[in-house]
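Respectively, the protein sequence lines represent chains C and G. For the first sequence, our numbering assigns the number 5 to the initial residue and increments by one for each residue that follows. For the second sequence, our numbering assigns the number 28 to the initial residue and increments by one for each residue that follows. C-beta: ideal position from N, C-alpha, C; glycine also.
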Amino acid sequence: MLDLSKYQSIGAALKDALDQFAPEVCLVESDREREKERLTYRNFKERAHPLAKALRDSGFSANDRAAIIMTNQSKWLISAYSIFYSGGVLVPLDYKLTPEEQWQLLKHSSASVLITEYPIWRQLASAPSHGSVTNLKTILVTEAPPKADLSGARRWEEFRSTSEPTFIPRNRSDVATIVYSSGTGGRPKGCMMTHENYLEQCIALTSIYPFAPGVRYLSILPTNHAIDFMVGFFGPFICGAAVVHLRTLRPEYVREAFPKYKITYVSLVPLVLKNLQKGLQARFDALPSGKRKLFNALVAVNKVFTKSQPRLALSRRLLKQVHNAFGGELRAIIVGGAFTEPQTLQFFYDLGIPVANGYGLTEAGTAITVNDLKPFRADTVGKPLPGMEVRIVNPDSDGIGEVSVRSKTVMSGYLNEPELTAETIVDGWLMTGDLGRFDSTGHLLLFGRKKNMIVTEEGKNIYPEDIETAFESLPVKEFCVFAANYVWPQRTMVGEQLLLVLHLEQGQTLTDELRRDISARNSRLLNYKRVHGIVLFNEDFPRTASLKIKRNILAERLMHLDRASTILPL
Amino acid sequence: MRTIDQTTQEVLDLASKHFQVPANSLAPEDDFFKKLGIDSLQALELLSRLENHFGIELPDYEVQGVSDFRTLASRIQSRL
């Protein structure tokens, strides 16, 4: 692995990695049963440098911003490398957002380049906001059909220059990426991450979970997400490891990929991990009685021997069939993006498959704590990574308070939001808005959120304010969206939901027609952004002089209502 | 060649069988996430069933953002 302490930027480290590991395989791309691409680090460089040169020739220069909207694939990483090589700032956007949301973020980020897939571009180009975004100078689309109307874009495959590009160096304190942690509906939160943020995070993570040539990482989480960017791109590349991309994320193809590519690590969101657990449990339950007893006995033996630390070789022998289904070389499943229930973590650990859970947020540069498995503690989110100072602010009598972090991995701030940045980073400490406490062994336990938001099991951060535009002009006196656990704190990270609070006009009732209107608006939201219940509140909402809702005061008033009987199903 | 109405009906029939809900409880305009109470992974399972049934490949991007049976059927129809 490269010694990252000697590097100033992501681009410089990746540039050296491509030379140092030239003959090693760095990328495999599979589409269903077909392997589409297999690139060595040398091949990667041969693909990326002509693109970097063409970007430079088109006027793209240091500090210019380039957005990528793509599903996970080799072209994503080749494009990102070319941007860093050219001294640019990468803006990785979520391909699952709606075209309107994507345009909003493209505008907010002031990106001058957009690199995307043809089907995504087709939708973007036909969206009403297309004409209102004028900052884009170059649009590159991949895999466009031969006679396709490109609506002003150019073909990624043809956008190359032959001469060798000049590497543009950057400093550690320069912004490397702008990563949107949330806020597509209202106030976009573009986290400005520096090169130092990534270099230091990578040093910390690889000290616990090392990559090396021969390690194969299955990249399923979207690469625009901080976790996959780190463990599905930067981390493996600076260690000479390989990344496997699947163009189709159907469960059957994901399952096949483990044995086919002998996967070493994979990152999953809790929803997928739970689904995997359900599937395995169903297969165990279907075993004939005798076999099930034998299997349970082997699991019990494995539990005894892995109590203090994982013993992969032993677990693979004891529970061979389970491990073979995962390819036989899986070292750990990395789970992130949202809170994972302890019983799910324990389920896999008992099978001899360690789950590296942790806790982090984009603003902190991915992970703050990680389970170091010494011993495995399913009830916690692990210990702080090296270089992380973590403290609990204003703890109550149980020691529970707001988790705050100080480290070289913390973002420099939110793009164009100095006030929000000042509220979030106080005297160098990032206020996470999450509630937690440390136990006597230094493991962090989480107990809900201080802020009005939810994180779905798919790892999506949802701020209620962003949902409210969907209910604009609803025929009621006033309305507001809340995270249920913000109104009624539960001291848990599980089962988070959004609620629509309605104040009806005098004499108005919640009719079927009004319900239908709410349901119709709700269903136009992406499924993970939808509200789950209605709360009727018969008082005027407290408001500021500028008529903004005082959410904290309204939440305090709602808290006095009985949660169970107050929430009406939608 | 199937008509779009036939394709839509076959999508509804397959969804009702796969998720074991009465066929007459599903309508083309229904939001399948909500009506079937499924998550995004279960929706992917349904897509695989539909691919096998219709003998087509539906790239993930084609069904990105689709949540009602009618639109899903139209995406299938365009590949038949």
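- Close to chain C, meaning a Cβ-Cβ distance shorter than 9 Å, are the following residues of the region 39-62 of chain G: D58, F60, K61.
- Interface annotation, E72 of chain G: in contact with chain C, CB-CB separation under 8 Å.
- Nearest to L322 of chain C by C-alpha distance, out of C:K297, C:G356, C:V258, is C:G356.
- Where K297 of chain C is concerned, the enclosing alpha helix (DSSP H) starts and stops at 293-309.
- One finds T75, T252, L253 in chain C with Cβ atoms closer than 7 Å to the Cβ of D87 of chain G, taken in chain order.
- Per the Cβ contact rule, the region 173-182 of chain C is in contact with the region 199-210 of chain C (3 or more Cβ pairs under 8 Å).
- Residues of the region 267-278 of chain C with a Cβ closer than 7 Å to any Cβ of chain G, in chain order: L275, V276.
- Counting only runs of 3+ residues, the beta strand (DSSP E) found wholly inside the region 528-555 of chain C occupies 537-540, in chain order.
- DSSP, read as helix, strand or coil, puts W492 of chain C in coil.
- Taking the CA atoms as reference points, R410 of chain C sits about 6 Å from G432 of chain C.
- As the crow flies, the alpha-carbon of A208 of chain C is around 25 Å from that of G92 of chain C.
- For T102 of chain C, the C-beta contacts it makes with chain G under 9 Å involve G92, in order along the chain.
- Closest option to T102 of chain C, judged by alpha-carbon separation, among C:W80, C:V117, C:I73: C:I73.
- In the displayed model, N361 of chain C falls within a strand according to three-state DSSP.
- T445 of chain C sits away from M435 of chain C, with the two beta carbons spaced by 8 Å or more.
- A direct Cα-Cα distance of roughly 32 Å separates L53 of chain G from L250 of chain C.
- Collapsing the DSSP output to three states places N51 of chain G in a helix.
- Chain-order list of chain G residues neighbouring I538 of chain C: empty, with the shortest C-beta distance near 15 Å, by a criterion of under 9 Å.
- Of the other Cβ atoms in all chains shown, 16 or more fall within 10 Å of the Cβ of L85 of chain G; this residue is therefore buried.
- A residue is called buried when at least 16 other Cβ atoms come within 10 angstroms of its Cβ; T227 of chain C meets this threshold and is buried.
- Against chain C, the beta carbon of D32 of chain G has no neighbour under 8 Å; the closest one sits roughly 23 Å away.
- Scanning chain C for C-beta atoms nearer than 7 Å to the C-beta of L99 of chain G yields nothing, as the closest lies near 14 Å away.
- Going by DSSP, A180 of chain C is part of the beta strand (DSSP E) stretching over 179-186.
- Here the alpha carbons of G340 of chain C and H536 of chain C stand approximately 24 Å from one another.
- In the structure shown, V385 of chain C adopts coil according to DSSP, grouped into three states.
- Residue nearest to R567 of chain C within the set C:E543, C:T373, C:A487 is C:A487 (criterion: CA-CA distance).
- The three-state reading of DSSP puts E406 of chain C in strand, counting E and B together.
- For T35 of chain G, the enclosing alpha helix (DSSP H) begins and ends at 31-45.
- With a cut-off of 8 Å on Cβ pairs, the region 329-345 of chain C is in contact with the region 273-280 of chain C, counting three or more such pairs.
- DSSP, read as helix, strand or coil, puts I338 of chain C in strand.
- In this structure A157 of chain C is buried. Its beta-carbon is surrounded by 16 or more other beta-carbon atoms within 10 angstroms.
- The three-state reading of DSSP puts S133 of chain C in helix, counting H, G and I together.
- DSSP places L449 of chain C in the strand class (E or B) of the three-state scheme.
- Contact between the region 451-463 of chain C and the region 412-427 of chain C is not established, with fewer than three Cβ pairs separated by less than 8 Å.
- Burial check for L551 of chain C: the Cβ neighbour count within 10 Å stays below 16, so the residue is exposed.
- Close to chain G, meaning a Cβ-Cβ distance shorter than 8 Å, are the following residues of the region 14-37 of chain C: R36.
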